[in-house]
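Everything below concerns the one structure shown next.
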Amino acid sequence: MPAKRQHWLIKSEPDVFSFSDLLGLPQRTTTWDGVRNYQARNYLREMRRGDLVFFYHSSTEPPGIAGIAEVAREAYADPTQFDHADEHFDARSKPDAPTWVAVDLRGVEALPRLVALEELRQEPALATLQLLQKGSRLSVQPVQEPAWRLIKALSKRKSRL
DNA sequence: GCCAACGTTGGC
DNA sequence: GCCAACGTTGGC
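Residues in the first sequence are numbered consecutively from 160, following the working numbering.
Right, dumping it as structure tokens:
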């Protein structure tokens, strides 16, 4: 039996790489590499081809969810961990036992409008969303199905902010 | 620019 | 194994 499709959220600073940047790439696809946190890595490993991913803009004004991507390729060894010239180089990682993984993400569609972090905070039903937990810094997180649907619905309504 | 929260490192 | 110091994240 096929595994249930999961939903995710990844963070990116739009000044570095925005959702529009993703849509502008050939095949609208990029390698999601450089993740150097074990819990985030474990989530990357759980991602399955076709899983949908919210693309969150952090460290910008306002922060919020900009679009939807999908997993185009499941976890593989992150090449940057072996690249001395890359800022994500990890001398302790061995090619026969890579520590870090990357996935490929393909842009699917922008949300009708940005759903701001502040707006998410105002939804009682989203209180358990990992993004909203105090001190939450994980750059890769799961999103439960009800939360996913609610956020998509919010994006189709006018902001109440 | 500030700073709280968090993960990691390394001395002991 | 403890924990202080440090670096990073990311909202404000």
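Beta carbons are placed, not taken as given, at the ideal position from N, Cα and C, and that holds for glycine.
DSSP beta-bridge partners of Ala306: Partner(s): none; Ala306 has no beta bridge.
Distance, Cα to Cα, Phe213 vs Asp245? 27 Å
Tell me whether the stretch 268-283 and the stretch 219-229 touch, counting them as touching only if at least three CB pairs, one residue from each stretch, are closer than 8 Å. yes
Between which residues of its own chain and Thr287 is the CB-CB distance below 8 Å, once the five residues before and five after are set aside? Gln303, Ala306
Using 8 Å as the Cβ pair cut-off and three pairs as the minimum, do the stretch 236-245 and the stretch 277-293 touch? no
Run through DSSP, which three-state label would Glu268 get? strand
So, is Gln186 buried or exposed, given that buried needs 16 or more other C-beta atoms within 10 angstroms? exposed
Which listed residue (Ser177, Lys163, Asp249, Ser318) has its alpha carbon closest to that of Ala228: Ser177
Inter-residue Cα distance where the pair is Gly209 and Leu291: 25 Å
Could you check how far apart the C-beta atoms of Leu264 and Ala231 are, in whole angstroms? I think they sit under 8 Å. 6 Å
Of the residues Leu276, Arg308, Leu309, which one's Cα is nearest the Cα of Lys293? Leu276
List the residues that DSSP assigns as beta-bridge partners of His166. Leu211, Val302
Could you tell me the boundaries of the beta strand (DSSP E) in which Glu229 lies? 223-236
Whole angstroms are fine: how far does the CA of Tyr235 sit from the CA of Arg204? 8 Å
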